[in-house]
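Below is one structure; the comments refer to it alone.
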Amino acid sequence: MILARKLQILALITLTVVGLTFLSLPQQRQQNRVVLPLGEVAYGAQDQRGPAHPLPTHIIGALGQVSNEALAGQPTQRELKAAKDMRLSKITGKANDTLEPKGSKIVLLTATDGKGHNGAIKNLLETVEENREEYCAYHAYKYQFINITKHVVPSRHPVWAKVPAIQEAFELNPTAEWVWWLDTDAIIMTPEIDLASHVLNPEVLKTKIACDRPIKLPNGKPSGLSVSCDVDVNMVDVIVGQDHNGVNAGSILFRRNEWTMAFLDMWADPMYVNRRFERQEQDALNHIIVNHPKIREHIAIVPQRVINAYSVGGDEMGWKTGDLVVHFAGCWVNNECDKRWQDFWSRRQVIEVQD
Numbered sequence: 001m002i003l004a005r006k007l008q009i010l011a012l013i014t015l016t017v018v019g020l021t022f023l024s025l026p027q028q029r030q031q032n033r034v035v036l037p038l039g040e041v042a043y044g045a046q047d048q049r050g051p052a053h054p055l056p057t058h059i060i061g062a063l064g065q066v067s068n069e070a071l072a073g074q075p076t077q078r079e080l081k082a083a084k085d086m087r088l089s090k091i092t093g094k095a096n097d098t099l100e101p102k103g104s105k106i107v108l109l110t111a112t113d114g115k116g117h118n119g120a121i122k123n124l125l126e127t128v129e130e131n132r133e134e135y136c137a138y139h140a141y142k143y144q145f146i147n148i149t150k151h152v153v154p155s156r157h158p159v160w161a162k163v164p165a166i167q168e169a170f171e172l173n174p175t176a177e178w179v180w181w182l183d184t185d186a187i188i189m190t191p192e193i194d195l196a197s198h199v200l201n202p203e204v205l206k207t208k209i210a211c212d213r214p215i216k217l218p219n220g221k222p223s224g225l226s227v228s229c230d231v232d233v234n235m236v237d238v239i240v241g242q243d244h245n246g247v248n249a250g251s252i253l254f255r256r257n258e259w260t261m262a263f264l265d266m267w268a269d270p271m272y273v274n275r276r277f278e279r280q281e282q283d284a285l286n287h288i289i290v291n292h293p294k295i296r297e298h299i300a301i302v303p304q305r306v307i308n309a310y311s312v313g314g315d316e317m318g319w320k321t322g323d324l325v326v327h328f329a330g331c332w333v334n335n336e337c338d339k340r341w342q343d344f345w346s347r348r349q350v351i352e353v354q355d
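Here's what the structure looks like:
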């Protein structure tokens with residue numbers, strides 16, 4: 001009896017040890033288990049793979065505050081702004097432009113509600129601001145940003161908010177003689193070019209008119225009209241280029257005067273807005289240019305690459321080294337906006353800081 005009792009106890013101990021050993025081993029899961037590399041963890045019932053994040057480095061500021069940037073070991077927003085302001089101060093007015101108009105007489109306008117086809121471009125607004133503030137500082141122009149949300153009317157396509165934004169830019173800058181509207185999805189590639197010597201000075205503008213070239217309709221067909229070679233440049237109040245689909249208002253310049261203010265009101269008239277043009281305000285502008293000869297006298301059509309080269313296209317359309325700006329119109333069709341943007345961003349000229 002004693003021997004049998006000892007054997008039962010020994011068997012119980014053996015089974016306990018075997019069981020504990022088995023429980024400590026990795027368990028076989030279902031066949032659809034995701035095997036994660038070291039440093040990654042699974043999230044959710046389906047074992048979705050999550051990224052591995054390094055542990056933050058805690059950097060305490062002078063006041064004992066810890067910012068998100070500090071936690072990540074990155075410069076704080078205050079530090080980044082200070083560095084940017086220092087850089088801009090070192091290049092401000094260094095262009096020493098001589099032709100008129102110059103300096104604060106020119107406003108470069110960026111206006112957006114943060115939406116649209118170009119949302120796929122990473123850090124779009126940050127890079128746009130950096131690019132345009134640098135350009136404006138160098139030439140002592142005024143950089144103006146407007147959130148157009150306040151100008152968006154529910155019954156209208158959001159692009160029509162462009163017109164009141166241009167009007168507001170004139171109101172905010174009472175000494176400005178010209179406002180340059182430039183779509184958000186555009187990069188100034190050659191910042192050394194000043195607008196007066198490029199297109200705004202009347203004597204220069206005479207040489208930039210797209211003389212005798214056909215004025216196109218929005219479908220790309222000739223309208224039967226040509227750009228006049230006898231343009232009185234002193235009457236020109238709007239400067240715009242055209243692509244294969246007619247005028248493109250993604251880059252367009254307006255002179256301050258009563259005619260321009262009246263024209264902006266006319267351009268956004270409900271008669272045009274409610275007509276539902278395919279390209280909205282651009283087709284409306286095209287319609288006005290083709291059908292109103294007296295208005296046409298105040299509008300200069302220049303070759304596209306002068307102020308509105310595209311990221312792709314032939315000799316008349318596609319950006320070439322030395323062109324002022326590249327516009328990414330239509331990049332969203334093939335989902336190539338970010339790819340093209342990063343390519344051109346890496347190739348842009350940057351103003352050198354001289355201490």
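Residue 12 in the UniProt record's numbering sits at position 12 of the sequence shown; the count goes up by one each step and never skips.
Glycine residues also receive a C-beta, built at the ideal position from the N, C-alpha and C atoms.
This structure is a prediction, so every number in the text was calculated from the model and none was measured.
**Prompt:** How is the alpha helix (DSSP H) around residue 341 delimited, first residue to last?
**Reply:** 337 to 347
**Request:** Pick helix, strand or coil for residue 195, following the three-state DSSP scheme.
**Result:** helix
**Among 87, 237, 111 and 275, the one whose alpha carbon lies nearest that of residue 297** = 237
**Asked** CA-CA distance, residue 144 and residue 108?
**Response** 6 angstroms
**Prompt:** For residue 153, which residues of its own chain have a beta-carbon under 8 angstroms away from its beta-carbon, when the five flanking residues on both sides are left out?
**Reply:** Excluding positions up to five away in sequence, the list reads 160 and 161.
**Request:** For residue 141, I'd like the list of residues in its chain whose CB is within less than 6 angstroms of its CB, leaving aside the five on either flank, ordered along the chain.
**Result:** 106 and 108
**Prompt:** By how many angstroms is the C-alpha of residue 305 removed from the C-alpha of residue 222?
**Reply:** 19 angstroms
**First through last residue of the alpha helix (DSSP H) which encompasses residue 132** = 124 to 139
**Request:** Going by CA-CA distance only, name the one from 88, 167 and 314 that's closest to residue 260.
**Result:** 167
**Asked** Using a Cβ-Cβ cut-off of 7 angstroms (strictly less than) and excluding sequence neighbours within five positions of residue 190, which residues of its own chain qualify?
**Response** Within the same chain, residue 190 has close Cβ partners 322, 323, 324 and 349.
**Alpha carbon of residue 342 to alpha carbon of residue 263, nearest angstrom** = 37 angstroms
**Request:** Tell me, please, which residues DSSP counts as bridged to residue 255.
**Result:** 178
**Prompt:** In chain order, what residues of the same chain lie with their CB nearer than 8 angstroms to the CB of residue 235, ignoring the 5 residues before and after it?
**Reply:** 297 and 298
**Asked** Does the beta-carbon distance from residue 279 to residue 218 come in below 8 angstroms?
**Response** yes
**Item:** Assigned exposure category for residue 80 - 16 Cβ within 10 Å defines buried
**Value:** exposed
**Selection from 339, 171, 327 and 231 that minimises the alpha carbon distance to residue 188** = 327
**Message:** Distance check for residue 311 and residue 250, CA to CA, integer angstroms please.
**Reply:** 13 angstroms
**Request:** Report the rounded CA-to-CA distance for residue 352 versus residue 91, giving the unit in angstroms.
**Result:** 8 angstroms
**Same chain, Cβ closer than 7 angstroms to residue 170, five either side skipped, listed in chain order** = 176, 179 and 256
**Prompt:** What do you reckon, are the CB atoms on residue 208 and residue 199 nearer than 8 angstroms?
**Reply:** yes
**Closest Cα partner of residue 112 within the set 96, 97, 129 and 204** = 129
**Item:** Beta-carbon proximity of residue 196 to residue 302, cut-off 8 angstroms
**Value:** no
**Message:** Short of 6 angstroms in beta carbon distance, which residues of its chain neighbour residue 319, apart from the five on each side in sequence? Order them along the chain.
**Reply:** Non-local beta-carbon contacts of residue 319 in its own chain, meaning distances under 6 angstroms to residues more than five positions away in sequence, involve 309 and 326 in chain order.
**Simplified DSSP assignment, three categories, for residue 99** = coil
**Prompt:** Between residue 282 and residue 174, what straight-line distance do the alpha-carbon atoms span, to the nearest angstrom?
**Reply:** 27 angstroms
**Prompt:** On the three-state DSSP scale, how would you describe residue 217?
**Reply:** coil
**Asked** If you draw a straight line from the alpha carbon of residue 275 to that of residue 247, how long is it in whole angstroms?
**Response** 18 angstroms
**Request:** Under the assumption that residue 120 contacts residue 332 (Cβ atoms under 8 angstroms), give the Cβ distance between them as a whole number of angstroms.
**Result:** 7 angstroms
**Request:** Figure out for me which residue from 287, 194 and 148 has the closest Cα to the Cα of residue 98.
**Result:** 194
**Asked** So what does DSSP say about residue 303, is it helix, strand or coil?
**Response** Residue 303 carries a coil assignment under DSSP once its states are collapsed to helix, strand and coil.
**Item:** Presumed contact (8 angstroms Cβ cut-off) between residue 127 and residue 345, rounded CB distance
**Value:** Rounded, the Cβ-Cβ distance is 6 angstroms, consistent with contact.
**Prompt:** Hey, is residue 136's beta-carbon within less than 8 angstroms of any beta-carbon in chain B?
**Reply:** The structure shown contains no chain B; it is built from a single protein chain.
**Request:** Helix, strand or coil for residue 351, going by three-state DSSP, please let me know.
**Result:** Residue 351 carries a coil assignment under DSSP once its states are collapsed to helix, strand and coil.
**Message:** Could you compute how far the alpha carbon of residue 95 sits from the alpha carbon of residue 329?
**Reply:** 29 angstroms
**Prompt:** What separation, rounded to the nearest whole angstrom, lies between the Cα atoms of residue 415 and residue 158?
**Reply:** Because the chain in this structure spans residues 1 to 355, residue 415 falls outside the shown range and cannot be described.
**Prompt:** What's the C-alpha gap between residue 230 and residue 85?
**Reply:** Going from the Cα of residue 230 to the Cα of residue 85 covers about 45 angstroms.
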